[in-house]
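What follows is one structure encoded as structure tokens, with my remarks underneath.
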Amino acid sequence: MPKTLSEPAAVLQRIKLHGPTMATRWSVLCDVDPQLDQNALRNALAAAVERVDQQMSPWKPDSDLMRLNRATPGEWVSLPPEIMAVLARALEIARLSDGAFDPGVGALVNAWGFGAERDDPDAAAIRVARQWGQPPAHQSLELYLAAGRARKHADALFDLCGIAKGYGVDQMTAVLQAHGVAHALAALDGELRALGTQASGEPWAVAVESPEPGRRAARGVIELADLAVATSGDYRRWVQIGDARLSHTMDGRRAAPVNNGVASVTVLATDCMSADAWATALLVAGPAEGMALAQRMRLEALFIVRREERWVEMGLGRFAVAGVGS
1 MPKTLSEPAA VLQRIKLHGP TMATRWSVLC DVDPQLDQNA LRNALAAAVE
51 RVDQQMSPWK PDSDLMRLNR ATPGEWVSLP PEIMAVLARA LEIARLSDGA
101 FDPGVGALVN AWGFGAERDD PDAAAIRVAR QWGQPPAHQS LELYLAAGRA
151 RKHADALFDL CGIAKGYGVD QMTAVLQAHG VAHALAALDG ELRALGTQAS
201 GEPWAVAVES PEPGRRAARG VIELADLAVA TSGDYRRWVQ IGDARLSHTM
251 DGRRAAPVNN GVASVTVLAT DCMSADAWAT ALLVAGPAEG MALAQRMRLE
301 ALFIVRREER WVEMGLGRFA VAGVGS
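Under the UniProt record's numbering, the sequence shown has 104 at position 104, and the numbering climbs by one with no breaks.
Okay, structure coming up:
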């Protein structure tokens, strides 16, 4: 493994690498030795996120996730170590959140038009989907980690979109470390992780997005150093039913889309996979239950809640000090 680069900022070069993945883009901003093979690093980063997508995408019929979804209850399915690690963490957070995070909501996602099967809600499919996912995933999926196998004990369609992007960011961070990079900010959509600080010693500045549909605007800025951040919200993808705007995020406990007044939740964690999943869990849990859950789990979290015609911020950890809003 290459030696970690720790040269003064003056001899390091700021570069940006990026590429397409998972219907969005990955990017890395990093301060590196000018002699670093940038093409090799770019190719390794692209391969890492592609491996996550190939294993965990609900949009690829040949993904490992879809092989698990097609399996009959009781049938053991051999899976690669990466998706096994994500499934294990997903089930752990599902248990800790009492099902607020539920990776077994794939049928609901499809029925409401947010998956690969259709673009709009289908009433008949919704009625059928409400019978799926019972019991919740953390009670119906068994993992045999040592053997790299999993089996369902009930009909269920799994969806890892609430955790896989965060894991992809963690995998990019691992690639950067393997190439000796000590100062970087890796991002995949709304999930980011800082590796160290900038070479100058300053933390990486990351915008917290204002949860306004149809526009991209920063509500505030947080600083990251060896820390990950993820945001889940209802303002980018939703379905309008009458006067209600229903989120693409599913509440498996209600067998319905989230509709609880929470516009977004931002979570800080040491790894991006955990930040990603906990942001989803807290969004589903809602303002009161979510705050109580975040306190119980000692999470640093920022809730932005719609109250009539204004935003209300509720924060824990460093977010409790000053929030991010204006």
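Note that beta-carbon positions come from the ideal geometry of N, C-alpha and C, so glycine has one too. Just so we're clear, the structure is a prediction, and the values are computed from it rather than from any experiment.
Alpha-carbon to alpha-carbon, residue j and residue i
{"i": "D120", "j": "G180", "result": "46 Å"}
{"i": "A124", "j": "D155", "result": "18 Å"}
{"i": "L36", "j": "L29", "result": "14 Å"}
{"i": "E92", "j": "S264", "result": "23 Å"}
{"i": "L12", "j": "P135", "result": "53 Å"}
{"i": "A259", "j": "L246", "result": "Before going on, a small fix: residue 259 reads as Asn here, not Ala. Spanning the two alpha carbons is a distance of roughly 6 Å."}
{"i": "A275", "j": "P73", "result": "31 Å"}
{"i": "A23", "j": "M314", "result": "31 Å"}
{"i": "M1", "j": "A178", "result": "At M1, the pLDDT of 44 sits below 50, so the modelled position is not reliable and the matter cannot be decided from this model."}
{"i": "G104", "j": "P34", "result": "46 Å"}
{"i": "G99", "j": "R67", "result": "24 Å"}
{"i": "M172", "j": "D62", "result": "23 Å"}
{"i": "G317", "j": "T270", "result": "14 Å"}
{"i": "G19", "j": "R219", "result": "26 Å"}
{"i": "D122", "j": "F114", "result": "11 Å"}
{"i": "V221", "j": "S78", "result": "43 Å"}
{"i": "A184", "j": "G148", "result": "32 Å"}
{"i": "G290", "j": "A281", "result": "8 Å"}
{"i": "L96", "j": "G106", "result": "20 Å"}
{"i": "R216", "j": "D53", "result": "26 Å"}
{"i": "E82", "j": "V305", "result": "35 Å"}
{"i": "Q295", "j": "A320", "result": "12 Å"}
{"i": "K3", "j": "L176", "result": "Because K3 sits at a pLDDT of 43, beneath the cut-off of 50, its placement in the model cannot be relied upon, and the following sentence gives the value as read from the coordinates. Taking the straight line from one Cα to the other gives about 12 Å."}
DSSP state of residue i mapped onto helix, strand, coil
{"i": "L299", "result": "coil"}
{"i": "E223", "result": "strand"}
{"i": "I83", "result": "helix"}
{"i": "M172", "result": "helix"}
{"i": "residue 356", "result": "A question about residue 356 goes unanswered here, because the residues of the chain that appear run from 1 up to 326."}
{"i": "A100", "result": "coil"}
{"i": "L185", "result": "strand"}
{"i": "V208", "result": "strand"}
{"i": "Q13", "result": "strand"}
{"i": "P20", "result": "strand"}
{"i": "V109", "result": "helix"}
{"i": "E289", "result": "helix"}
{"i": "K3", "result": "Model confidence at K3 stands at a pLDDT of 43, short of 50, so the residue's coordinates are unreliable and nothing is read from them."}
{"i": "residue 352", "result": "Residue 352 is absent from the structure shown; the chain starts at 1 and stops at 326."}
{"i": "A320", "result": "helix"}
{"i": "E313", "result": "strand"}
{"i": "E191", "result": "strand"}
{"i": "K25", "result": "Note that residue 25 is Arg in the sequence shown, not Lys. Correct three-state label for R25: strand."}
{"i": "A218", "result": "strand"}
{"i": "A199", "result": "coil"}
{"i": "A125", "result": "helix"}
Residue i, buried or exposed, once every other Cβ within 10 Å from all chains shown has been counted against 16
{"i": "G196", "result": "buried"}
{"i": "S57", "result": "buried"}
{"i": "K152", "result": "buried"}
{"i": "P80", "result": "exposed"}
{"i": "T249", "result": "buried"}
{"i": "N39", "result": "exposed"}
{"i": "W76", "result": "exposed"}
{"i": "A288", "result": "exposed"}
{"i": "D226", "result": "exposed"}
{"i": "P213", "result": "exposed"}
{"i": "Q198", "result": "buried"}
{"i": "K165", "result": "buried"}
{"i": "S140", "result": "buried"}
{"i": "G201", "result": "exposed"}
{"i": "A187", "result": "buried"}
{"i": "R193", "result": "buried"}
{"i": "A88", "result": "exposed"}
{"i": "A277", "result": "buried"}
Integer Cβ distance of residue i from residue j, believed to fall under 8 Å
{"i": "V262", "j": "L283", "result": "6 Å"}
{"i": "A150", "j": "L157", "result": "Contact flag wrong, Cβ pair sits at about 14 Å."}
{"i": "W59", "j": "A129", "result": "With 8 Å as the limit, W59 and A129 do not qualify as a contact, their Cβ atoms being about 18 Å apart."}
{"i": "G190", "j": "A230", "result": "6 Å"}
{"i": "C272", "j": "D159", "result": "Wrong, their Cβ atoms sit about 18 Å apart, outside the cutoff."}
{"i": "Q55", "j": "L65", "result": "7 Å"}
{"i": "residue 330", "j": "D102", "result": "Beyond the ends of the chain as shown, which are 1 and 326, falls residue 330; an answer cannot be given."}
{"i": "A255", "j": "L108", "result": "6 Å"}
{"i": "residue 345", "j": "A90", "result": "In the structure displayed, the chain extends from 1 to 326; residue 345 sits before or after that span and is not available."}
{"i": "V86", "j": "Y167", "result": "5 Å"}
{"i": "S210", "j": "A279", "result": "Going by Cβ atoms, the distance from S210 to A279 rounds to 16 Å, so no, they are not a contact pair."}
Beta carbon proximity, residue i to chain C, threshold 8 Å
{"i": "R296", "result": "The chain inventory of the structure shown lacks chain C, comprising one protein chain alone."}
| request: Output the residue ranges of the alpha helix (DSSP H) runs that lie fully inside the segment 35-72 and measure 4 residues or longer, sorted by chain position. | output: 38-56 and 64-70
| Which ranges does the alpha helix (DSSP H) cover as unbroken runs of at least 4 residues, wholly within the segment 238-285, from first to last along the chain? | 272-285
| field | Minimum length 3: unbroken beta strand (DSSP E) runs contained in the segment 129-153 | value | 141-144 and 149-152
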